[in-house]
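Participant: Sharing a structure here in structure tokens format.
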Amino acid sequence: MKFSHKAYLKPLAHATKYPTGPVNGVFLAETNSANVIDAVPFFHFWGALTPMLEVAMTQVDLHCKANGLRIIGYYEANERLEDEAFSLVGQKIASQIHHVNPEAFAVVIKNNKINSDEVAFLPYQFKEGQWRVSKDAFTDKNAGFSLENSSSPTVVAKALRGGLSEKLADFDNHLENIKEDWLTNKAIV
Numbered sequence: 001m002k003f004s005h006k007a008y009l010k011p012l013a014h015a016t017k018y019p020t021g022p023v024n025g026v027f028l029a030e031t032n033s034a035n036v037i038d039a040v041p042f043f044h045f046w047g048a049l050t051p052m053l054e055v056a057m058t059q060v061d062l063h064c065k066a067n068g069l070r071i072i073g074y075y076e077a078n079e080r081l082e083d084e085a086f087s088l089v090g091q092k093i094a095s096q097i098h099h100v101n102p103e104a105f106a107v108v109i110k111n112n113k114i115n116s117d118e119v120a121f122l123p124y125q126f127k128e129g130q131w132r133v134s135k136d137a138f139t140d141k142n143a144g145f146s147l148e149n150s151s152s153p154t155v156v157a158k159a160l161r162g163g164l165s166e167k168l169a170d171f172d173n174h175l176e177n178i179k180e181d182w183l184t185n186k187a188i189v
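Residue numbers (UniProt numbering): 1 to 189.
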């Protein structure tokens, strides 16, 4: 899985905009590709499976069908700086995505790495009936995860320190103001 700059930026902007609460969303790929080209932020206040999650997933599915895309992964960031645990709710959501797409993966954002030159993604893959951390991801070319642009962590950290995250809208924002562009977030890319 190779992550585009945009697919790396959006989840980190989401976590930066809401640093004291959990956030989540999904990753998108083109229909016939495993390369991750985009991310769609869902919620900044969640903790359970809700009907609004189904609404968000349905909206993203429609967006994907209209644009030749598919949901390929799930991401979340915890509210605590050092917490890199993959939540049970997140595992259930990722498992639903995996049921439809066996290539699916999940990412837990390393909050303490967002403003550094290091990759802030901790990827999980479904193996042997459970979600497992992908060892050596982003450091070993054979681990299956890489960035399209190796300078993305540095560039993203600088942009986020400059306040770029304030322009991001998630589905929660869209529910408050339907003019918010939560599906594409063109204002930040």
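From the three backbone atoms N, C-alpha and C, an ideal C-beta is built for every residue, glycine too.
(1) Given N78, which residues of its chain have a CB within under 6 Å of its CB, disregarding the five upstream and five downstream residues?
(2) Counting Cβ pairs, one atom from each stretch, are 3 or more of them under 8 Å apart for the segment 75-91 and the segment 9-20?
(3) Counting only the same chain and skipping the five closest in sequence on each side, list residues whose C-beta sits under 7 Å from that of L12.
(4) With a CB to CB cut of under 6 Å and the five nearest residues on each side skipped, what residues in its chain are close to K2?
(5) Given a cut-off of 8 Å on the beta-carbon distance, is the pair P153 and A137 in contact?
(6) Return the residue from the list T16, L28, A56, S4 that minimises the CA-CA distance to S116.
(7) Counting only runs that start and end within the segment 5-88, where is the alpha helix (DSSP H) found for 4 or more residues in a row?
(8) Do you know offhand how far G25's Cα is from G73's?
(9) In this structure, how does DSSP classify L183 when only helix, strand and coil are distinguished?
(10) Nearest CA to the CA of D83: which residue from A29, N111, T58?
(11) Assign N142 to one of two classes, buried (16 or more other C-beta atoms within 10 Å of its C-beta) or exposed (fewer than that).
(12) What residues in its chain sit with their C-beta under 7 Å from that of K98, if we drop five residues either side in the sequence?
(13) DSSP beta-bridge partners for Q125?
(14) For residue 219, which of S150, S165, D170, N173 has the nearest alpha-carbon?
(15) Consult DSSP for residue 190 and reduce its assignment to one of helix, strand or coil.
(16) Cα separation between S134 and L9?
(17) Mark A29 as exposed unless 16 or more other C-beta atoms lie within 10 angstroms of its C-beta, in which case mark it buried.
(18) For W131, which residues from the same chain have a beta carbon less than 7 Å from its beta carbon, with the 5 sequence-adjacent residues on both sides left out?
(19) Thinking L183 and H63 are a contact (beta carbons under 8 Å), I'd like their distance in whole angstroms, please.
(20) Is DSSP giving F138 helix, strand or coil here?
Facilitator: The structure says:
(1) Within the same chain, Cβ atoms closer than 6 Å to the Cβ of N78 are found at P22, the five residues on either side in sequence being excluded.
(2) As far as the Cβ criterion goes, the segment 75-91 touches the segment 9-20, which means the pair count is three or higher.
(3) So the list reads I109, I114, A120, V156, L160, once near-sequence residues are dropped.
(4) Result list for K2: N35, S146, E148, in chain order.
(5) No.
(6) Here the closest residue by C-alpha is T16.
(7) Annotation note: the segment 5-88 contains the following uninterrupted alpha helix (DSSP H) runs of length 4 or greater, listed N- to C-terminal: 5-17, 51-67.
(8) For G25 and G73, the distance between alpha carbons rounds to 9 Å.
(9) Looking at L183 - three-state DSSP - the assignment turns out to be coil, as it is neither helix nor strand.
(10) Nearest neighbour of D83 by Cα position, chosen from A29, N111, T58, turns out to be N111.
(11) Label assigned to N142: exposed.
(12) The identity of residue 98 in the sequence shown is His, whereas the question assumes Lys. Excluding residues within five positions, the ones whose Cβ falls inside 7 Å are A104, F126.
(13) By DSSP's assignment, Q125 forms a beta bridge with F105, R132.
(14) An answer regarding residue 219 cannot be provided, because it is not within the stretch 1 to 189 covered by the chain.
(15) Since the displayed the chain opens at 1 and closes at 189, residue 190 lies outside it and no answer follows.
(16) Spanning the two alpha carbons is a distance of roughly 20 Å.
(17) Classification for A29: buried.
(18) Apart from sequence neighbours up to five positions away, the residues of its chain that approach W131 with a beta-carbon distance below 7 Å are F86, Q91, A94, A106, Y124, ordered along the chain.
(19) Cβ-Cβ separation between L183 and H63: approximately 5 Å, consistent with a contact (criterion under 8 Å).
(20) The answer is coil: DSSP assigns F138 none of H, G, I, E or B.
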